[in-house]
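Structure record follows, encoded as structure tokens.
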């Protein structure tokens, strides 16, 4: 049992199984429902009760309607199992369209915005039998501007990270076993690290972004949160993610693992430095072959290139909003729309070319390894809700399109979670999930032994 | 006056100006409305009458509601000018969402499909004052399966091309001055060539595809049709397309033009070979410096790479439809979803890398030229509506992300239009429009003199 599960069981107290069902992982809940030991309705009631009791502290939702959740759960109970998530509640970041709930982008201009369609991922979740639990709070448009009201479940005085703030917090706080987020900079992995949950950003474009408010389409990526590697893999199944054929590692003993400090290592805080050291030591002890992967010179330009790509593409994707709302949009977005940074089309072409070159090179550099381990964040979640932390350690992987999984299990000097990222060449999605699961087990077991 | 305009004036006969307003280009109509010589309502009535009188022959629309058009036009007449397209009717390909009209994808499974939102381009058109005229027929999902019912306005026994069949035909037939299409293979440029109108596929990702049914997001591109280069440029304004800073050529005398037969030249029919020869001769006579641009060896792999990219990405984008509809989808789509071609993730990675390499190389190769001229189609529009022609000559440019404009003005042995494409490095969008305009004028003038 993970540390988080223990906390949940403790908080839940001695209750009947259905009452404590919110503590189950998605895989456990789905199996329990499939065996007839748990109903979708009982699970929904448990998650609703958990959410209502915790909402004042965590504030993970922009739109939450218990009656709609109950209706979906009752429908699941009344029909044969549809798929791998039959009856399992899932939270949806509020920049993804849902035909039956508004999509507000957490923007004051879109409070009653409601495209009557499901985003591709929402349709796939429904096809798998999931119960759409509500819309998770987000940084405005998943970029900047208004922050989510969400607090970090581990310490309400700290940010859960952004922009997928509510998605990460809702899973970390046991309100739902799974949730969907999106990443254009570091918006899936960062909140995963700060909230201490598994978080996956798959290879770019293997999961359709249709029905997501676009930001920078050449790097926008759908991602998801869960409390176990098995749950992360379950969503890989639901989204039909194929691997590139590399054999999945079954143990860390003999695995070839690269430690990659990345070009932004000088910004790592002690919490992250300690986690990287501890991880390396544990892997060595477990029999993994550890090597250091230094990224060659061109990779140092990726952080700057990411900024050029993101801001340049935003000038196209947010043009309709800018035409309609102009200077009433938040100041940083207006500055981007006015191209105050002065990025030329030649700058964008150079950024695209550098990204393309480094994608091909990283695939080759990382090919020999079962996984590449790199920081998820500079350190623990900052204090306050205004500063959601920086995407410093995520941007280059987002631009490289590589699959990334945040592995929870490390903690900083304030007792807050700090995650590490497992990455690999593009399309090695299943491999990073497998390595992330093995690494989390290794770290959790060590924590219990110490 | 272009040949097309002459035909329209002839067909319209001696009528009052408002009655013949359908024959105006968008630029002419917008200027006339701005001067108070024409109302949006009179223009709408003229286009409605033209459409109703021609619909039996051309069948360019899946959804067309004259009352809704009249309401929009009346609203434009009752308010100050909103933008560059105030009161101008625009057709919208029926895979782009419109909040007030259904979006059927021309699929039997989506006849009442109606997401209540505007695609980004539709929102931008409305912001510019455009009147959304209706939804243009398309090949099913803009890919394959059911064909548009649309006929080529120049010969109803021939295809208008696909997949943006109705968008191209409606403009060519003077039912609307402008329309929007989409291209993933050759779906904007090919119908432009077959129907004898200007067609633009801008640089990938400079126009937001939000609210378009996705097909292959790394190459999906919004495009548009018009009857003059000025109208094409007008939509570049509406979509805020910036060029890369290269000076726009003002004359062909002294311009440096590359003739690129492309790696698929062996599939060019006599009509296209003749057009390329005639174009080259006219350009030389006009004082242009003509060079031959041979694409190096790796470019020969782009056609194959395009297929891998398109089919592999479709397996993600159409997954929700496949989960819901399975084998009731059309057979070619089912085959793609089942990956009957057997493309691996390694194949996709190679295709992405080849495309990226060639993008950078083509930008360098084409940089010295004011424009690169290459075929738009193998030849004239095929007979019948089932065969919408092939994207042979378009795929590599779609994969290269370069801006392309189809230049009308050439004709084949059956008197059908054949177009040529002007392309250039990525982000030289304004430049290709300028060169396309100059070339069309050159060809039209020569036709009048001969």
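Chains as they are written, first to last, in the numbering used here: chain A, 1 to 450; chain B, 1001 to 1450.
Backbone N, C-alpha and C define an ideal beta-carbon position, used for all residues, glycine too.
Are the Cβ atoms of residue i and residue j separated by less than 8 Å?
i                       : j                       : result
residue 1263 of chain B : residue 1295 of chain B : yes
residue 968 of chain B  : residue 1229 of chain B : Here chain B comprises residues numbered 1001 to 1450, so residue 968 of chain B is not present and cannot be evaluated.
residue 1152 of chain B : residue 1381 of chain B : yes
residue 241 of chain A  : residue 188 of chain A  : no
residue 157 of chain A  : residue 167 of chain A  : no
residue 249 of chain A  : residue 435 of chain A  : yes
residue 1119 of chain B : residue 1211 of chain B : yes
residue 407 of chain A  : residue 439 of chain A  : yes
residue 1257 of chain B : residue 1232 of chain B : no
residue 137 of chain A  : residue 165 of chain A  : yes
residue 405 of chain A  : residue 199 of chain A  : yes
residue 1286 of chain B : residue 1253 of chain B : yes
residue 245 of chain A  : residue 1344 of chain B : yes
residue 944 of chain B  : residue 1260 of chain B : The requested residue 944 of chain B does not occur in the structure, where chain B is confined to residues 1001 to 1450.
residue 171 of chain A  : residue 223 of chain A  : no
residue 1132 of chain B : residue 1121 of chain B : no
So is residue i buried or exposed if we call it buried at 16+ other beta carbons inside 10 Å?
i                       : result
residue 72 of chain A   : buried
residue 449 of chain A  : exposed
residue 1455 of chain B : Outside the modelled stretch of chain B, which goes from 1001 to 1450, sits residue 1455 of chain B, for which no answer is possible.
residue 1078 of chain B : exposed
residue 217 of chain A  : buried
residue 368 of chain A  : exposed
residue 342 of chain A  : exposed
residue 1098 of chain B : buried
residue 192 of chain A  : buried
residue 112 of chain A  : exposed
residue 376 of chain A  : buried
residue 1100 of chain B : exposed
residue 28 of chain A   : buried
residue 300 of chain A  : exposed
residue 1140 of chain B : buried
residue 1298 of chain B : exposed
residue 1038 of chain B : buried
residue 116 of chain A  : exposed
Three-state secondary structure (DSSP) at residue i?
i                       : result
residue 408 of chain A  : strand
residue 176 of chain A  : coil
residue 1298 of chain B : helix
residue 1221 of chain B : strand
residue 1133 of chain B : strand
residue 293 of chain A  : coil
residue 14 of chain A   : Only weak support is given to the placement of residue 14 of chain A: the predicted model assigns it a pLDDT of 40, under 50, and the value that follows is read from those uncertain coordinates. Coil at residue 14 of chain A, not helix or strand.
residue 976 of chain B  : Because residue 976 of chain B is not part of the residues shown, which for chain B are 1001 to 1450, the question remains open.
residue 1375 of chain B : strand
residue 1258 of chain B : strand
residue 304 of chain A  : helix
residue 191 of chain A  : helix
residue 89 of chain A   : strand
residue 1251 of chain B : coil
residue 1200 of chain B : strand
residue 1270 of chain B : helix
residue 38 of chain A   : coil
residue 212 of chain A  : strand
At a threshold of 7 Å, does residue i count as lining the ligand HEM (C-beta to nearest heavy atom)?
i                     : result
residue 24 of chain A : For the ligand HEM, the structure offers nothing, since it holds no ligand at all.
Within the chosen definition, does the region 310 to 319 of chain A reach the region 263 to 283 of chain A through at least 3 CB pairs nearer than 8 Å? no
Below 9 Å between beta carbons is the criterion; list the residues of the region 343 to 369 of chain A that meet it against any residue of chain B, in chain order. 344, 345, 346, 348, 349, 352, 353, 355, 356, 357, 359, 360 and 363
Please list, in chain order, the residues of the region 1197 to 1219 of chain B that have any C-beta partner in chain A closer than 8 Å. 1205, 1206, 1207, 1208, 1209, 1210, 1213, 1214, 1217 and 1218
Can at least three beta-carbon pairs, one atom from the region 84 to 93 of chain A and one from the region 125 to 134 of chain A, be found at a separation below 8 Å? yes
Is the region 375 to 394 of chain A in contact with the region 184 to 204 of chain A, if contact means three or more CB pairs nearer than 8 Å? yes
With 8 Å as the C-beta to C-beta threshold (strictly closer), list the residues of the region 1222 to 1249 of chain B near chain A in chain order. 1239, 1240, 1242, 1243, 1244 and 1245
Pair every Cβ in the region 425 to 441 of chain A with every Cβ in the region 304 to 313 of chain A, then say whether three or more of these pairs are closer than 8 Å. no
Chain A contacts from the region 1390 to 1412 of chain B (Cβ-Cβ distance under 7 Å): none
Proximal residues, the region 1116 to 1140 of chain B versus chain A, C-beta separation under 7 Å: 1116, 1117, 1120, 1123, 1124 and 1127
Give the residues from the region 302 to 318 of chain A that approach chain B closer than 8 Å (Cβ to any Cβ), ordered along the chain. 313, 315, 316 and 317
Does the region 328 to 344 of chain A touch the region 138 to 146 of chain A, meaning 3 or more C-beta pairs lie closer than 8 Å? yes
When you check each C-beta in the region 1317 to 1341 of chain B against every C-beta of chain A, which residues fall closer than 7 Å? 1317, 1319, 1320, 1323 and 1324
Please list, in chain order, the residues of the region 1137 to 1168 of chain B that have any C-beta partner in chain A closer than 9 Å. none
Below 8 Å between beta carbons is the criterion; list the residues of the region 1411 to 1431 of chain B that meet it against any residue of chain A, in chain order. 1425, 1426 and 1427
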